[in-house]
Each structure stands twice: as C-alpha cells, then as structure tokens.
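Numbering (our numbering), first residue to last: 763 to 998.
The structure is reproduced here in structure tokens:
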C-alpha cells in the first residue's frame with residue numbers, strides 16, 4: 763500500500779510540473795504575441811503618418827527634391843574644383859558623353875526663346891521662373907526644421923502658430939538685396955509713352971490705333987500731302 767501511495771504521489775507531482783511548464787510556455791507565447799502586436803501597431807502608425815505626410819506634399823515634391831539635391835551636388839563639386847584650381851565648366855564637360863551633349867543641344871534649340879514683352883501676365887510668369895531658378899535652399903536647415911516641427915511642417919488649414927516663424931537675418935538681407943536689384947533693373951526700363959490729348963483721333967480702338975501708328979511710321983512721309991489736302995478739302 764505504501765508503494766502504491768508513493769507511486770501515486772510521484773505521478774501527481776509530475777503531472778503538476780508538466781501542467782506548470784505548459785502554463786509557463788503559454789504565458790511566454792502570449793507575451794511574445796503581445797510584443798509583436800505592439801510592434802506591428804507602432805509600425806502601422808509610423809506608416810500612416812508617413813503616408814499622410816506624403817499626401818500633404820506638393821505633386822512635384824520628388825522631382826523638386828531631386829533637382830535640389832543635384833544643385834547641391836553641383837555646388838560641392840564647384841567648391842572642390844575651386845579648391846584644386848580647376849575650371850568647373852571644363853571638368854563638368856569631361857563627364858558628359860557626346861550623345862548626351864547632342865541630345866541637350868537639340869533640346870536647347872527646341873526650347874522657346876524669349877520673344878519679348880507680350881503681356882503683363884507673361885512678363886510676371888517669366889519673372890517668377892527667373893527668381894525661382896535663383897533660389898538656392900539650404901537642405902540641411904530644411905531637414906532640421908522638418909524634424910523640429912514634425913507634422914506641422916506641412917501646413918494645412920488646421921495648422922496653428924505659423925506667425926511664430928522668424929526668418930534669419932541672412933535670409934532678410936538676401937531678400938532686400940534681391941529687391942534692390944529688381945528696383946535697379948526696373949529703373950532702366952523705358953517709360954511708357956504718355957497719351958497725347960492733342961493728337962488726332964483717327965482710330966476706333968487701341969489695336970486700330972497701333973496699326974495706324976505703324977502706317978504713319980512707314981508711309982507717313984509719302985502720304986502727308988494727300989492727308990493735308992483731304993483735311994483742307996482741296997484734294998483732286
């Protein structure tokens with residue numbers, strides 16, 4: 763009887779130990795699953811924030827970013843060439859293949875040249891294109907500001923505190939210099955001809971007025987006598 767009791771007690775202990783081990787393994791498994799769920803939740807949230815940020819970016823963000831990176835790379839190469847005493851344009855041309863140079867030349871010839879003043883809308887657009895090409899942003903400062911502001915970096919209708927941003931003294935000086943250059947260049951333009959109130963009105967609209975002025979400029983010296991006779995009423 764004692765042997766049977768001992769055997770039963772040993773079996774019960776083994777059973778309890780096995781049950782405890784299985785329970786411990788299940789708890790570990792549950793803990794691992796919870797950790798993976800938390801990790802997946804964080805990754806999903808990060809991806810959601812990144813996707814929302816991409817949606818807020820302008821449509822040409824990627825192409826503009828690549829262009830800015832290319833410009834920065836060109837500036838660095840230019841500094842290296844300047845430090846070595848080399849001609850940057852010559853070094854750059856050495857890296858261009860004959861086929862690429864030919865394609866670029868054809869593309870450059872196809873590009874529409876500046877045909878002069880057409881209207882104020884076109885003039886404003888050309889000025890905007892010229893000014894934006896002159897902008898050389900600081901990509902490092904751009905990245906720092908983006909990290910500092912977080913989601914508010916890409917402003918929306920719900921973004922607050924935009925008025926708290928303060929431009930650096932360097933940026934203000936750069937803007938002032940650019941405006942002074944624009945004023946100086948504008949001062950060299952010829953003034954618009956003032957309207958002569960005493961001139962004869964021989965036109966029905968502005969387009970007809972310009973056409974008559976062209977006729978007068980090219981044929982006025984040949985028709986001045988006929989015009990005077992018509993005005994006096996002595997034309998034959």
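Ideal placement from N, C-alpha and C gives every residue a C-beta, glycine not left out.
Residue 888 and residue 898 have their C-alpha atoms some 18 Å from each other. Residue 984 places its beta carbon 8 Å or farther from that of residue 974. Taking C-beta atoms under 8 Å as the contact rule, residue 904 and residue 818 fail to qualify, at a distance of about 15 Å.
Counted as a single uninterrupted DSSP element, the alpha helix (DSSP H) harbouring residue 908 occupies residues 901-911.
In the DSSP annotation of this structure, the continuous segment of the alpha helix (DSSP H) that includes residue 938 starts and ends at 931-949. Between the alpha carbons of residue 863 and residue 892 lies a gap of roughly 24 Å. Taken through DSSP and simplified to helix, strand or coil, residue 988 comes out as helix.
Cα atoms of residue 880 and residue 972: separation of roughly 15 Å, rounded to the nearest angstrom. Between residue 907 and residue 920, the alpha-carbon positions lie close to 19 Å from each other.
In this model, residue 830 and residue 945 are separated by some 28 Å (Cα to Cα). For the pair residue 909 and residue 814, the Cα-to-Cα distance works out to about 15 Å. Rounded to whole angstroms, residue 948 and residue 894 show a C-alpha spacing of 18 Å.
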